[in-house]
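Asks:
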Amino acid sequence: MSKNPAGRKTPSALTKAQNADRNRNILIQVGVAVVLIGLIAAIGIGIAVKKADKDDPGATPTIAATASPNGITGSITDNGSIRVGKPDAKVTVRVVADLQCPACKAFEAANGQVLEDAVNSGTAAVEYNIISFLDRASSGAEYSSRAANASYCVAEADPAKYQTWLSTMYEQQPAEGSSGLSNDQLIEIAKSVGYTGDVAGCVNDRTYDKFVKAKTQEAFDGGIQSTPSVFVNGQQVNPSGLAQAINTAAGR
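The opening residue of the sequence shown carries number -4 in the numbering used here; numbering runs sequentially from there.
(1) Our contact map puts A84 next to I241 with C-beta atoms below 8 Å; I'd like the distance itself, whole angstroms only.
(2) On the DSSP bridge assignment, give the partners of F226 in chain order.
(3) Touch check for the stretch 176 to 190 and the stretch 202 to 214: three-plus C-beta pairs under 8 Å?
(4) Go through its chain and collect everything with a Cβ distance to R201's Cβ below 8 Å, but skip five positions before and after it.
(5) Exposed or buried, N20, counting other C-beta atoms within 10 Å across all chains shown (16 or more means buried)?
(6) Helix, strand or coil for D83 per DSSP?
(7) Quick check on the DSSP output: the beta strand (DSSP E) that includes N124 runs from which residue to which?
(8) Given a cut-off of 9 Å on the beta-carbon distance, is the pair A254 and V86 in contact?
(9) Would you kindly work out how many angstroms separate the C-alpha atoms of Q230 and I67, rounded to a whole number?
(10) Check for me: the beta strand (DSSP E) holding T68 runs from which residue to which?
(11) With a threshold of 6 Å on Cβ separation, who are the neighbours of A245 within its own chain once the five nearest residues in sequence on each side are excluded?
(12) Output yes or no for whether 9 Å exceeds the beta carbon distance between Y123 and Y157.
(13) With a 10 Å radius around its C-beta and 16 neighbouring C-beta atoms as the bar for buried, classify G172 as buried or exposed.
(14) By the 10 Å Cβ neighbour count, where 16 or more other Cβ atoms means buried, how is G217 classified, buried or exposed?
(15) Please check the pair T57 and I71, which I expect to be a contact at CB under 8 Å, by giving their CB distance rounded to whole angstroms.
(16) Hey, G196 and A136 are a contact pair by Cβ (cut 8 Å); roughly how many whole angstroms apart?
(17) To the nearest angstrom, how far is the alpha carbon of N65 from that of V225?
(18) Tell me where the alpha helix (DSSP H) around P97 begins and ends.
(19) Taking only the alpha-carbon atoms, compute the straight-line gap between S133 and Y203 and give it to the nearest angstrom.
(20) Can you tell me where the alpha helix (DSSP H) holding T243 begins and where it ends?
(21) If you check the beta carbons only, do V194 and A152 fall under 9 Å apart?
(22) Cα-Cα, which of G236, P223 and N228 is closest to A98?
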């Protein structure tokens, strides 16, 4: 006796095989879709992480609002300059420079003492806008960026010693095309002018690396075309006439 109820057809082997193939294809398609969704999500996360890293300005240097025994204070300006001077200074000098730049070294040799005297006398406050665009001149060692970072490290520790540090850095400026001074050498220079705080950690960690890059780009976006570029009370001046420009601005 047949076990098949009347009117019901038994699926053939071919039909069963076709159903199995269809189910297998569906599973494969679902699997592929899951993998694709996972890849898309991973790519999206990767892009978001990279964008967040790019947009992250990094650590921002700060200088405590305290005065040295001779009344010199320091601060960080909006354009990233390290401002050194007495609060009541009538003249503001801005110097845009790169510590790897030979012309900047020559400027410091000719005008470093002029600027120190102006700061110590209270005549002028100097804003040192140290940027980094000459990394290519240090054989991939990014000396320009490392030196600019060190600039913030020492200024943050004690702005009153900053001008002495800057002068010493220029005296030991490495030749273009070399790897530049090592981090250990940068730390030793800081120690040689009296920095005793945790400057070493800041130099080795390149704490302000992103800040340096951002402010360097801002400087060029703002019209800086070469270094050194020097401004007295906002007006660009010929570096060779800096002393006279300060005296004129001070009403002398």
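Glycine residues also receive a C-beta, built at the ideal position from the N, C-alpha and C atoms.
Replies: Looking at the atomic coordinates:
(1) Start at 1 with the first residue of the sequence shown, and residue 84 comes out as number 89. Start at 1 with the first residue of the sequence shown, and residue 241 comes out as number 246. A84 to I241, Cβ: 10 Å. No contact.
(2) Taking the first residue of the sequence shown as 1, we reach residue 226 at position 231. According to DSSP, F226 bridges with R89 and Q231.
(3) no
(4) Reading the sequence shown from its first residue, position 206 is the one you call residue 201. Excluding sequence neighbours, R201 sits near S140, R141 and N144.
(5) Position 25 of the sequence shown, counted from the first residue, corresponds to residue 20. Burial call: exposed.
(6) Position 88 of the sequence shown, counting from 1, holds the residue named residue 83. In this structure, D83 counts as coil in the three-state DSSP scheme.
(7) Stepping through the sequence shown from its first residue, residue 124 is reached at position 129. Here the beta strand (DSSP E) through N124 covers A119 to I125.
(8) Any property of residue 254 remains undetermined from this structure, which presents the chain solely from -4 to 247.
(9) By 1-based counting over the sequence shown, the position of residue 230 is 235. By 1-based counting over the sequence shown, the position of residue 67 is 72. For Q230 and I67, the distance between alpha carbons rounds to 24 Å.
(10) One-based indexing of the sequence shown puts residue 68 at position 73. T68 -> beta strand (DSSP E) spans T68 to I71.
(11) Locating residue 245 in the sequence shown gives position 250, counting from the first residue. Only K85, V86 and T118 meet the Cβ criterion.
(12) As a working mapping, residue 123 is identified with position 128 in the sequence shown. As a working mapping, residue 157 is identified with position 162 in the sequence shown. Going by C-beta atoms, Y123 is nearer than 9 Å to Y157.
(13) One-based indexing of the sequence shown puts residue 172 at position 177. Result: exposed.
(14) Working through the sequence shown from its first residue, we reach residue 217 at position 222. Classification of G217: exposed, given that the 10 Å Cβ count is below 16.
(15) Within the sequence shown, the letter at position 62 stands for residue 57. Within the sequence shown, the letter at position 76 stands for residue 71. Right, the Cβ-Cβ distance comes to about 6 Å (below 8 Å), so this counts as a contact.
(16) Within the sequence shown, numbered from 1, the residue matching residue 196 stands at position 201. Within the sequence shown, numbered from 1, the residue matching residue 136 stands at position 141. Their Cβ separation, rounded to whole angstroms, is 20 Å, which puts G196 and A136 out of contact at 8 Å.
(17) Here residue 65 is taken as the residue at index 70 of the sequence shown, counted from 1. Here residue 225 is taken as the residue at index 230 of the sequence shown, counted from 1. Computed Cα separation, rounded: 26 Å.
(18) Within the sequence shown, numbered from 1, the residue matching residue 97 stands at position 102. Where P97 is concerned, the enclosing alpha helix (DSSP H) stretches over P97 to S116.
(19) Looking up residue 133 in the sequence shown gives position 138. Looking up residue 203 in the sequence shown gives position 208. Taking the straight line from one Cα to the other gives about 19 Å.
(20) Stepping through the sequence shown from its first residue, residue 243 is reached at position 248. First-last of the alpha helix (DSSP H) with T243: L237 to A244.
(21) Taking the first residue of the sequence shown as 1, we reach residue 194 at position 199. Taking the first residue of the sequence shown as 1, we reach residue 152 at position 157. Cβ distance < 9 Å, so V194 and A152 count as in contact.
(22) Here residue 98 corresponds to residue number 103 of the sequence shown, with the count starting at 1. The shortest Cα separation from A98 among G236, P223 and N228 belongs to P223.
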